[in-house]
Every structure is written in structure tokens, then in C-alpha cells.
Amino acid sequence: MSTLLTPVFLHIVWCALLYALLTVARAPVVWGVGRSKNGSNPFHSIQPKISANLSNQFEWPMFFHIACVLLIAMDEPIAGVQIYLAWTFVIGRVLHSIVQIFTDNIRLRGVVFTINFIAVLAMWTLIFIRNFSW
115 MSTLLTPVFL HIVWCALLYA LLTVARAPVV WGVGRSKNGS NPFHSIQPKI SANLSNQFEW
175 PMFFHIACVL LIAMDEPIAG VQIYLAWTFV IGRVLHSIVQ IFTDNIRLRG VVFTINFIAV
235 LAMWTLIFIR NFSW
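Residue numbering for the sequence shown follows the working numbering, starting at 115 and increasing by one per position.
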């Protein structure tokens with residue numbers, strides 16, 4: 115169980131870091147802290163990307179967290195492949211954030227998202243196969 119909690123926890127930490135980054139990016143507008151000499155927000159171009167990426171952390175990742183809760187709640191040994199897929203997902207989410215926030219490379223972003231998507235889909239497929247009675 116604890117080996118599956120680590121990637122879940124790290125995704126939560128990643129979301130918290132994104133919130134902190136968004137707070138810093140909005141600070142010049144909201145609190146006037148860090149404004150450019152001309153009074154503008156030096157983070158005006160990156161702030162919407164951070165905000166969009168943070169929203170993305172609560173869409174498909176929801177299925178990741180539900181899968182992990184189910185695996186833990188089943189109180190059975192968790193297959194190593196499930197842990198591998200969980201790590202693939204979390205590392206992929208970090209990469210997805212970096213690509214979305216710091217580049218305009220939509221193709222690369224799509225590839226990274228697809229890796230995340232497939233990892234969670236595979237987790238759910240394995241849960242279904244293991245628990246479905248034919």
C-alpha cells in the first residue's frame with residue numbers, strides 16, 4: 115500500500131507547487147508585488163498557462179486517484195505493474211506541466227498526455243480484469 119501512496123502523495127505535492135507558482139505569477143496584479151518598472155505583470159504570458167495546467171490536474175488525474183484508492187481499499191497485494199503505471203502517470207504529469215507551461219509545443223504536450231492517459235487506462239483495465247467475474 116505505501117508504495118502506491120508515494121506517487122499519489124507526490125501528485126498532490128505537485129498540485130500544491132503549481133498553486134504556489136500561480137500565486138507568485140498573480141502577485142504583481144493581485145498585491146502589486148513584483149511589478150515591472152512600468153507597472154505591468156512580468157508573468158502575464160505564463161500565468162494563463164499555469165492556471166490552465168492546474169485545472170488539468172483535476173480532470174483525467176481524478177481517475178488516477180480513484181484507481182489508487184480502489185487498489186488500496188481492496189486490501190490485497192498491489193501488483194508491481196500498478197505501481198509502475200502510477201509512477202509513469204505522476205512523472206508524466208510533471209512533464210506535461212513543464213511542456214504546457216514553458217513551451218508552445220502542442221505535439222509534445224499531446225504525446226506526454228497520451229502517456230498519462232494510457233497509464234491510467236491500463237490501471238483501470240487491470241483492476242477490471244482482476245475483479246470481473248466472467
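Think of the CB as a built atom: it goes at the ideal place given N, C-alpha and C, for glycine as much as any other residue.
Nearest to residue i (by Cα), restricted to the options the options
i, options, result
"residue 155", "163, 164, 141", "141"
"residue 180", "245, 191, 122, 117", "122"
"residue 201", "239, 130, 233", "233"
"residue 161", "176, 182, 168, 136", "136"
"residue 173", "129, 198, 120, 219", "129"
"residue 203", "231, 219, 189", "231"
"residue 208", "152, 182, 175", "175"
"residue 178", "169, 199, 159, 152", "199"
"residue 219", "163, 152, 143", "163"
C-beta contact flag for residue i and residue j at 9 Å
i, j, result
"residue 241", "residue 184", "yes"
"residue 194", "residue 229", "no"
"residue 223", "residue 214", "yes"
Assigned exposure category for residue i - 16 Cβ within 10 Å defines buried
i, result
"residue 226", "buried"
"residue 127", "exposed"
"residue 217", "exposed"
"residue 131", "exposed"
"residue 210", "buried"
"residue 167", "buried"
"residue 191", "exposed"
"residue 246", "exposed"
"residue 125", "buried"
"residue 187", "exposed"
"residue 237", "buried"
Distance between beta carbons of residue j and residue i, contact taken as under 8 Å
i, j, result
"residue 118", "residue 196", "7 Å"
"residue 157", "residue 139", "4 Å"
Closer than 8 Å: residue i CB and nearest the ligand HEM heavy atom
i, result
"residue 216", "For the ligand HEM, the structure offers nothing, since it holds no ligand at all."
Whole alpha helix (DSSP H) runs in the segment 153 to 200 with 4 or more residues, listed along the chain?
Taking only runs of at least 4 residues, the alpha helix (DSSP H) segments lying wholly in the segment 153 to 200 are 161 to 170, 175 to 187.
Could you pull out every unbroken alpha helix (DSSP H) segment of at least 4 residues lying fully inside the segment 197 to 233, listed in chain order?
Counting only runs of 4+ residues, no alpha helix (DSSP H) is found wholly inside the segment 197 to 233.
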